[in-house]
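2 protein chains.
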Amino acid sequence: MELKPVKNVTFVEGGVCAAKGFRANGIQCGLAHAGATVTAKKNDLALIVADTECTAAAVYTTNKVKGAPILVTKEHLKNGKARAVIVNSVNANTCNADGVEKANMMCELAAKELGIDPEDVIVASTGVIGQVLPIEPIANGMKSLAEGLTYDGNPRALEAIMTTDTRKKEIAVQFEMGGKTCTMGGMLKGSGMIHPNMATTLTFITTDAAISEELVQRALSDVVKVTLNRASVDGATSTNDMVCVMASGSAGNKPVTKEDEEFEKFQNALYAIMMNLARMMARDGEGATKLIECAVSGAETEKIAETVAKSVICSSLFKAMIFGQDANAGRIYCAIGYSDAEFDISNVDIDMSSKSGSIALGRKGCVTAFDEDVAKKVLSEDEIQIIISLGEGPGSAVAWGCDLTYDYVKINGDYRS
Amino acid sequence: MELKPVKNVTFVEGGVCAAKGFRANGIQCGLAHAGATVTAKKNDLALIVADTECTAAAVYTTNKVKGAPILVTKEHLKNGKARAVIVNSVNANTCNADGVEKANMMCELAAKELGIDPEDVIVASTGVIGQVLPIEPIANGMKSLAEGLTYDGNPRALEAIMTTDTRKKEIAVQFEMGGKTCTMGGMLKGSGMIHPNMATTLTFITTDAAISEELVQRALSDVVKVTLNRASVDGATSTNDMVCVMASGSAGNKPVTKEDEEFEKFQNALYAIMMNLARMMARDGEGATKLIECAVSGAETEKIAETVAKSVICSSLFKAMIFGQDANAGRIYCAIGYSDAEFDISNVDIDMSSKSGSIALGRKGCVTAFDEDVAKKVLSEDEIQIIISLGEGPGSAVAWGCDLTYDYVKINGDYRS
């Protein structure tokens, strides 16, 4: 998948180890699904460690059911500081009576091995919900996990957070801030688990830029709204979703402490990372064969544009139609029409484009007569753009999704063991 | 599928012709999909006619895109009176510049043939959106359609409104009102079209009970909220959804003119019809193999219970899990948790039942250890009940849905022609 460029930002190789002073590792500690006879044949436990203390921020799922690791991480990030991330796949450690206790144990095990404070550890889990997390494999694996930490360990860590993911999703950028070259990198898992899943998304971002606790949180909270929060695979908000950023300051820039131009540069780099991770996530949605980008403009407000864009990319009928490469414009009008926002449908235009061309599908609320062959050609590509104009105002928004396929049903209908 | 009994109501044979004085017919007039080389091999045009003028009411889609027939019917029902219904499948007559004109022509053609006022005709269409409706086949067929009207013509009319429907969905009941035996019957199409679809639901109900214009509307508006509005196949609110009731008064009861006991009896019969039609619709959802009923109780308000029940039956992950017969309780907690309602998740219990037994899946927000064999047995049935208790108050609600299957993707991914 091609990365989408962003001004003043250069893509570089790597992920969570791209920034100076971040080591990572991933191992197969042997977590198994309840009832499964074999363990996952891949890494299932990862560690990311900063050489120095970082300012840190996170955004969490809005689901009322919150995974135990979320609760523990929230507590640990109250002071806006962190040194390490410990994360496992296979088991989500959610909806278990002893969840918080186990999440705390994970932090303590990692902290002990690293010689740091457990409160400086971010903990995350992804996998099956409602099965007791066995702590032994994690305890037994911690020593070798820590010993194997390297400044290029990001691929091993990335493998450890993947579940039904079919693509490796990591990215890194460089940008100038305060006369220094800063680096930022991240990795993301989603949307799925090896066994049944909640479209769980975990994102870990590291940077050597210097920024205050308050502003790293503000930057993240703002950027997540227009990136990960505008991507949907199946409309389910996971119990374990979390995105966190750790900023070490090793790049030597003067720390960002107010919402000035330097802050904007930081936020811009974060946007480049998270917008592209959101696109990668949608493209790798369970069973997906196509990335769909829905760009809405001409809305009275950005909120209306966002509501319409999300309504389209979340429509099962629309998603199945993209899979079937059927330019059924009526379905797009239908999804626009039932979105919970106020606008006049008789002003709405729809276009569709891809690398192979573009075509007008609707004008002023009516489906236009279009060339089916052109439409088929446009739809034959891997990345499809739906362009909607509401013709009412300056608000715009982009949302990302994927098609609905047989494989989505297969992946999610399979028995857990 | 077994009908769900309702007190003081007896199920009888038939559909829209069950009540005294209603004739119906359906023919194949030859409407074709654009680009299709053959016409549908089934009836595509239906007429329902009352011997006398009826009080009539309807409830329409909330989609901002409204099919042209909806706009015309709304106009015609302003006076609360109707004599006939003309309805076609194959073409939705929606998102077309000449839609209203064509819908009016359908009313005029029917009215002329029947010798009634065009304003007394209810018009509906279902099928592909955004293709110009050819009026010729309808004009040419109208004479034989009217000539073939009989007091047992409901099966021919029912066939004409079906699209991807695999089951015939009609029902009739008898009930006592004002010392007279009244009859009420209805038919429903949904969820689908022969070609791509919008989960369009059309429901036509006839009765020989006597009731005022105002109260037939009030009864319908109330009952639709707890029946059709609580059923979902794929979360898409169609552009052409409509449910209408015609009440002739031929049963001879004293007309219902206020919200008294007699009104309640009428509403109760309407509930028996519409609740069972909603269940039939969900069971016949596109590609569905199972009917899911989600019953939520213990909510602070009915609204909260409804929100939770709908969140569960609309969850793609949950629906795929039911298809896969996998008792993944974590997914149910997840869907409960992201529902847009306020309650304490740590009070929530989940049970599952079917003809083959029942099983506890969650207690106090945690997944319980349950016997997978029992769960599999429960899930092997065609009708599955998910029972959720929020443990906070008196509010309850039931919602109906279906599983998400390969066939859903197949039906909706197929090219239109």
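Line order of the protein sequences matches chains A and B.
Counting from 1, one number per residue, gives the positions in the first sequence under our numbering.
Counting from 1001, one number per residue, gives the positions in the second sequence under our numbering.
For each residue, glycine too, the CB sits at the ideal point set by N, CA and C.
Model, not experiment: these values are computed from the prediction.
Other residues of its chain near residue i: CB distance less than 7 Å, five sequence neighbours each side excluded
i	result
A1146/B	L1047, E1113, L1114
A18/A	V12, A172, T183, G185
N1091/B	L1031, S1125, G1127, V1128, Q1131, L1133
F1318/B	V1312, R1331, I1332, A1335
9 Å Cβ cut-off: residues of chain A touching residue i
i	result
T1405/B	V409, G413
S1238/B	C334, Y338
I1070/B	None at all; the shortest Cβ gap to chain A is about 12 Å.
G1401/B	None at all; the shortest Cβ gap to chain A is about 12 Å.
G1190/B	Near G1190/B there are no residues of chain A at all, since even the closest Cβ is about 13 Å away, more than 9 Å.
G1148/B	The premise fails here: G1148/B is roughly 31 Å from chain A at the closest Cβ pair, so nothing lies under 9 Å.
Within chain A, the residues that residue i reaches when beta carbons sit closer than 8 Å
i	result
A1097/B	C366
G1393/B	Those do not exist, as G1393/B stays about 16 Å from chain A at its closest Cβ, beyond 8 Å.
G1298/B	In chain order: nothing, as chain A lies at least about 15 Å away.
Partners in chain B for residue i, counting only beta-carbon separations shorter than 7 Å
i	result
A288/A	Within 7 Å Cβ-Cβ: nothing; A288/A doesn't reach chain B, min ~12 Å.
K64/A	G1337, I1345
G285/A	Those do not exist, as G285/A stays about 11 Å from chain B at its closest Cβ, beyond 7 Å.
G14/A	Per Cβ cutoff of 7 Å: no residues; G14/A is ~33 Å from chain B at best.
Reduced DSSP category for residue i - H, G, I as helix; E, B as strand; rest coil
i	result
M162/A	coil
M1001/B	coil
A231/A	strand
K1102/B	helix
G413/A	helix
L1270/B	helix
N154/A	helix
I332/A	helix
F11/A	strand
V1016/B	coil
A1320/B	helix
G1357/B	strand
D493/A	In the structure as shown, chain A begins at 1 and stops at 417. Residue 493/A is therefore absent and cannot be evaluated.
G1337/B	helix
S315/A	coil
L1215/B	helix
G1186/B	strand
S1380/B	coil
R1283/B	helix
N1091/B	strand
K960/B	The shown model of chain B, from 1001 to 1417, leaves out residue 960/B, and the question about it has no answer.
Burial state of residue i, where buried means 16 or more other Cβ atoms lie within 10 Å
i	result
K7/A	exposed
V12/A	exposed
R167/A	exposed
D120/A	buried
D1382/B	exposed
L3/A	exposed
D1351/B	buried
P196/A	Because the pLDDT at P196/A is just 29, under 50, the model does not fix this residue reliably, and the point stays unresolved.
A1097/B	exposed
G357/A	exposed
M193/A	Summary for M193/A: the model assigns pLDDT 35, below 50, so the residue's position carries little reliability, and this model does not support an answer.
K136/A	First, the amino acid is wrong: residue 136/A is Glu here, not Lys. When all chains shown are included, E136/A counts as exposed.
K1064/B	buried
Neighbour list for residue i in chain B, Cβ cutoff strictly below 9 Å
i	result
T94/A	G1330, Y1333, C1334, V1367
I129/A	N1328, A1329, G1330, R1331, Y1333, C1334, V1367
G357/A	Near G357/A there are no residues of chain B at all, since even the closest Cβ is about 19 Å away, more than 9 Å.
Beta-carbon proximity list for residue i, same chain, < 6 Å, skipping 5 on both sides
i	result
S250/A	K20, G21, D208
M1187/B	G1015, V1016, L1158, E1170, F1204
A1124/B	P1069, V1087, L1202, M1242
A278/A	T227, L228, A231, W400
A1247/B	C1054, T1055, T1207, A1209, I1211, V1216
L109/A	A139, M142
Same chain only: Cβ atoms within 8 Å of residue i, ignoring 5 sequence neighbours per side
i	result
V1009/B	V1173, Q1174, F1175, N1268, A1269, A1272
K1355/B	E1381, E1383
A84/A	L47, I48, V49, A50, A110, A111, L114, I116, D120, V121, I122
Closer than 8 Å at the beta carbon, the chain B residues around residue i
i	result
G67/A	Chain B residues near G67/A: none, gap ~10 Å exceeds 8 Å.
Does the structure place the region 1271 to 1280 of chain B close enough to the region 1218 to 1238 of chain B that three or more beta carbon pairs sit under 8 Å? yes
Q: Could you tell me whether the region 1371 to 1380 of chain B touches the region 98 to 105 of chain A, using the rule of 3 or more Cβ pairs below 8 Å?
A: no
Subject >> Three-pair Cβ contact test at 8 Å for the region 1344 to 1359 of chain B versus the region 74 to 85 of chain A >> reply: no
With three or more beta-carbon pairs closer than 8 Å as the criterion, would you say the region 272 to 287 of chain A touches the region 399 to 407 of chain A?
yes
Self-check item: the region 1386 to 1395 of chain B touching the region 1293 to 1300 of chain B, judged by at least three CB pairs closer than 8 Å
Solution: yes
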